[in-house]
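Visitor: I'd like to ask some things about the structure below.
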Amino acid sequence: MSGQALPLWRAAIRPRIFLVLFAGVAVAWAVWHVLAGRVFSPTLLIYAAGAHTPMAVFNGSAYELREERPLSAYPPLLIDAVLLMEDRRFYEHHGVDLRAVMRAAWANAQHESIVQGGSTLTQQLARSRYLTRERTFSRKIKEAALALGMEIILSKPEILERYLNDVYLGQRGTYEVRGMTAASRHYLGKEPGALRPDEVALLVGLIRSPNTTSPLVSLRRACQRRDLVLRRMWEERRLSDADYRRALKERVRVVRDSTVGATHFLDFVRKELEAKLAGASNGGALKVFTTLDVATQQAAYRAVVQGLSKLDGRRKRTPGITVEGALVAVDVKAGAIKAMVGGRDYQRSQFNRAVQAKRQPGSLFKPFIYLAAFEAGRVDGREALTPAAIVEDRPLAPDAGNGRWRPRNFNGIYYGKVRLREALERSLNAATITIGEQVGLSRVIEQARASGIESPLRPSPATLLGASEVSVLEITAAYGTLARGGEWLRPHTIRRVEDGQGHLLFEERREVRRAASPQAAFLVTSMLRGAIERGTAASAYGLGLTREAAGKTGTSNDLRDAWFVGYTPDLIAGVWVGIDSGAPLQLTGAQAALPIWTQFIEHTSVGHPSRSFEPPPGIVTAKIDPASGVRLTSDCSGGVDEVFIQGTEPRATCPRGAFVPWRWVRHLFSR
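Residue numbers (our numbering): 163 to 833.
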């Protein structure tokens with residue numbers, strides 16, 4: 163008898179041994195994941211300037227919108243709705259619900275398709291955070307093992323809290339929306355505690371199929387799913403009859419512009435981070451505190467997208483050719499990059515045109531010729547050039563090394579004798595080349611490099627008209643040297659980096675150098691103010707500009723690239739518009755880039771009073787004859803005010819009463 167009982171005993175205990183061993187392996191695996199920090203541990207937490215919560219979380223492969231809250235922050239109605247729709251027996255099972263699995267298998271077999279899932283909340287959490295999305299038997303085994311282990315290590319409230327903070331709820335632009343708090347804020351614009359029953363149902367309805375029932379994708383499907391959840395809540399007595407009827411009548415109101423639109427900026431931050439830390443991190447999540455200003459970034463993104471959309475309407479659209487744009491905004495005082503737009507649609511193209519693209523800047527390069535000219539007299543002791551100095555604007559044929567080059571003014575007209583101020587304000591090519599050759603090409607290139615242009619500059623006369631390619635970021639930084647009174651400051655995106663324990667790993671240190679005298683830089687700024695007031699960028703005021711600013715348009719050969727870089731005393735912004743392939747845009751900087759810049763500057767300046775550019779010590783003002791550039795005495799009538807570095811004012815003066823009105827006529831009609 164005992165000989166027969168032993169095999170039965172062994173047969174009965176073998177499944178139990180297997181379950182114990184399986185549970186032990188599951189627990190060990192879960193402990194390895196959870197306690198080793200591999201679970202719920204994002205790679206980067208990225209903060210905007212002044213923010214206390216991350217603007218984005220990078221999980222190693224994608225950017226997330228995630229804001230974690232304690233379980234107590236979620237309203238009971240939301241928790242009840244999640245459990246009703248996703249895991250009714252959450253408090254009864256131990257990670258895997260065999261009853262739910264069998265029920266789902268039966269339903270799927272009847273419909274000959276997958277119409278119901280049997281995964282518990284714990285399994286969903288395990289799948290979401292630790293496993294791939296492949297549908298294989300081995301993955302289901304891992305999912306079940308991990309769920310069993312988690313149920314032993316974590317309490318039910320801990321699992322529920324992590325689920326509510328982690329569940330995938332669709333895409334908002336290029337970001338994954340993770341967790342009920344992020345979904346509530348970025349879809350509905352409110353905290354979870356302020357949700358109405360219909361809004362609770364809308365969010366819970368996203369869990370099963372977030373990318374098809376998203377209100378951003380299909381409002382009809384979102385409402386159908388919401389109503390299904392509401393009905394279940396009513397049937398289970400979580401809603402009264404009156405609340406149920408009221409909830410069904412509510413309209414879905416979705417926040418349309420909740421994200422920052424800064425994915426190109428985030429990519430750039432990650433590359434900067436790799437260079438700055440160079441393995442200094444000891445693993446785990448890093449907190450990266452950036453310079454990005456959310457309001458400024460949103461204004462930049464809107465300006466680029468809206469500006470390019472207007473250009474689409476103006477141009478004859480060619481299939482397969484899309485007009486692209488980029489914008490960089492830098493704080494004058496600190497050198498902090500406050501906004502960066504690398505293209506109109508990150509989902510379509512991750513190429514960052516603000517930093518990766520190199521294009522010919524055209525006339526944007528000219529201010530550095532004049533800066534070198536004003537610096538030359540200070541350094542060499544030669545007779546100083548001034549904004550009032552006269553230069554000949556006439557046809558030229560300089561030697562370009564491979565034959566004679568015949569540059570011409572944009573409109574084909576030459577103006578004869580003009581002041582340096584007029585040459586820059588009106589962007590006269592011939593006069594500018596004459597100044598560049600007088601100063602010396604090598605000196606101009608040296609000045610441009612000192613000002614912040616780091617791309618190769620060819621030693622050719624064509625470089626004087628912007629033939630050497632640069633990025634939006636570097637030309638904007640170079641204009642920052644002018645805005646900062648001749649001081650170059652390396653632009654930066656990262657203020658500091660901390661590890662998960664709050665230890666400081668990196669902190670930004672100012673990299674600064676003197677590139678030009680404050681006086682020479684101010685003369686160029688004064689002339690660039692004139693470019694906006696009466697020169698090539700004069701349309702800015704008609705476009706809505708209301709404050710004092712300095713800037714320059716740029717248009718490359720064959721109208722391929724359109725630029726504008728401008729600044730106020732507080733903010734520098736550079737805009738590029740063009741076509742990725744290099745095909746002609748057929749628009750100038752004033753037509754394509756200036757409207758984007760103007761919209762951006764005005765939106766970021768709301769509530770801030772207009773400030774003037776203050777002259778540094780050593781700058782004086784004198785009245786001159788606009789046609790000849792000679793200084794007018796108190797005995798001479800008329801004239802215009804001009805700025806000079808002290809001691810460089812014109813020595814020649816008009817004879818008593820010699821100011822002739824016809825010079826004014828010539829001056830006016832030459833514009």
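Backbone N, C-alpha and C fix where the C-beta goes; we use that ideal spot for every residue, glycine too.
At what residues does the alpha helix (DSSP H) containing residue 241 begin and finish?
Guide: Run containing residue 241: 238 to 248, per the alpha helix (DSSP H) assignment.
Visitor: Taking the straight line between their C-alpha atoms, what separation do you get for residue 637 and residue 558?
Guide: Distance between the alpha carbons of residue 637 and residue 558 is about 27 Å.
Visitor: Give me the Cα-Cα distance between residue 246 and residue 465, rounded to the nearest whole angstrom.
Guide: Cα-Cα distance, rounded: 45 Å.
Visitor: Going by other Cβ atoms of all chains shown within 10 Å of its Cβ, with 16 needed for buried, is residue 525 buried or exposed?
Guide: Residue 525 should be labelled buried.
Visitor: Where DSSP assigns a beta bridge to residue 713, which residues make up the other side?
Guide: DSSP lists 728 as partners of residue 713.
Visitor: So what's residue 217 in DSSP terms, helix, strand or just coil?
Guide: Coil, per DSSP.
Visitor: Using a threshold of 8 Å, state whether the C-beta atoms of residue 783 and residue 816 are closer than that.
Guide: Taking 8 Å as the Cβ cut-off, residue 783 and residue 816 do not qualify as a contacting pair.
Visitor: What residue does the beta strand (DSSP E) around residue 668 start on, and which one ends it?
Guide: Residues 666 to 669.
Visitor: Residue 803 lies in the beta strand (DSSP E); which residues open and close that run?
Guide: Run containing residue 803: 802 to 807, per the beta strand (DSSP E) assignment.
Visitor: Measure the alpha-carbon distance for residue 494 versus residue 602 and round it to whole angstroms.
Guide: If you take the alpha carbons of residue 494 and residue 602, they lie about 29 Å apart.
Visitor: For residue 255, count neighbouring C-beta atoms within 10 Å of its own C-beta (all shown protein chains included) and say buried if the count is 16 or more, exposed if not.
Guide: Residue 255 is buried by the Cβ-count criterion.
Visitor: Quick check on this structure: which residue in 803, 730, 779 has the alpha carbon closest to the alpha carbon of residue 759?
Guide: With distances taken between Cα atoms, residue 759 lies closest to 730.
Visitor: Would you say residue 778 and residue 644 are within 8 Å of each other, going by their C-beta atoms?
Guide: Taking 8 Å as the Cβ cut-off, residue 778 and residue 644 do not qualify as a contacting pair.
Visitor: Cβ of residue 805 within 8 Å of Cβ of residue 785?
Guide: Not in contact: residue 805 and residue 785 (Cβ atoms no closer than 8 Å).
Visitor: With distances taken between CB atoms, is the gap from residue 499 to residue 623 smaller than 8 Å?
Guide: Not closer than 8 Å, so no.
Visitor: Where does residue 797 sit, in a helix, a strand or coil, going by DSSP?
Guide: Correct three-state label for residue 797: coil.
Visitor: With DSSP collapsed to three states, give me the class of residue 648.
Guide: Correct three-state label for residue 648: coil.
Visitor: Let me confirm a value: residue 166 is counted as buried when at least 16 other C-beta atoms fall within 10 Å, else exposed. Which label applies?
Guide: Note that residue 166 scores a pLDDT of 49, beneath 50, so its modelled location is shaky; the value from the coordinates is reported in the next line. Looking at its Cβ environment, which holds fewer than 16 other Cβ atoms inside 10 Å, residue 166 is exposed.
Visitor: Write down the C-beta distance between residue 490 and residue 635 rounded to the nearest angstrom, noting that I regard them as a contact closer than 8 Å.
Guide: Between residue 635 and residue 490 the Cβ distance is about 5 Å, and since that is below 8 Å, they are a contact.
Visitor: So is residue 462 buried or exposed if we call it buried at 16+ other beta carbons inside 10 Å?
Guide: Result: buried.
Visitor: Look at the alpha carbon of residue 669 and the alpha carbon of residue 438, and state the distance between them as a whole number of angstroms.
Guide: When rounded, the distance between both Cα atoms is 10 Å.
Visitor: Compute the distance between the beta-carbons of residue 714 and residue 693, then report whether it is under 8 Å.
Guide: It is a contact, given that the beta carbons lie within the stated cut-off.
Visitor: In this structure, what does DSSP give as the bridge partners for residue 448?
Guide: 206.
Visitor: Specify the secondary structure class of residue 698 as computed by DSSP and reduced to three states.
Guide: Of the three classes helix, strand and coil, the one that applies to residue 698 here is coil, per DSSP.
Visitor: Spell out the partners DSSP gives residue 654 in its beta bridges.
Guide: The partner list for residue 654 (beta bridge, DSSP) reads 498.
Visitor: Can you list, in chain order, the residues of its chain with a C-beta nearer than 8 Å to that of residue 198? Leave out the 5 residues immediately preceding and following it.
Guide: Here residue 198 scores only 46 on pLDDT, less than 50, and its place in the model should not be relied on; the value that follows carries that caveat. Within the same chain, residue 198 has no close Cβ partners at all.
Visitor: Count the other CB atoms, across all protein chains shown, that sit within 10 Å of the CB of residue 232; report buried if there are 16 or more and exposed otherwise.
Guide: Exposed, by the Cβ-count rule.
Visitor: Can you tell me whether DSSP reads residue 524 as helix, strand or coil?
Guide: Residue 524 falls in the helix class under three-state DSSP.
Visitor: According to DSSP, is residue 225 part of a helix, a strand, or is it coil?
Guide: Residue 225: strand per DSSP, three-state reduction.
Visitor: Need the endpoints of the beta strand (DSSP E) that residue 488 sits in, please.
Guide: Residue 488 -> beta strand (DSSP E) spans 485 to 493.
Visitor: Taking the alpha-carbon of residue 735 as reference, which of 399, 535, 723, 459 has the nearest alpha-carbon?
Guide: Answer by Cα proximity: 459.
Visitor: Please confirm if the segment 359 to 367 is in contact with the segment 383 to 398, defined as three or more CB-CB distances below 8 Å between the two stretches.
Guide: Result yes; three or more Cβ-Cβ pairs closer than 8 Å.
Visitor: By Cβ distance, which residues of its chain are closer than 8 Å to residue 483, with the 5 residues on each side in sequence left out?
Guide: Result list for residue 483: 741, 743, 745, in chain order.
Visitor: Taking the alpha-carbon of residue 345 as reference, which of 790, 814, 227, 467 has the nearest alpha-carbon?
Guide: Comparing Cα-Cα distances from residue 345 to each of 790, 814, 227, 467, the minimum goes to 227.
Visitor: Excluding sequence positions up to five away, which residues of its chain have a Cβ less than 8 Å from the Cβ of residue 616?
Guide: Around residue 616: 636.
Visitor: Contact check, residue 242 vs residue 400 under 8 Å by CB: the rounded distance?
Guide: Residue 242 to residue 400, Cβ: 5 Å. Contact.
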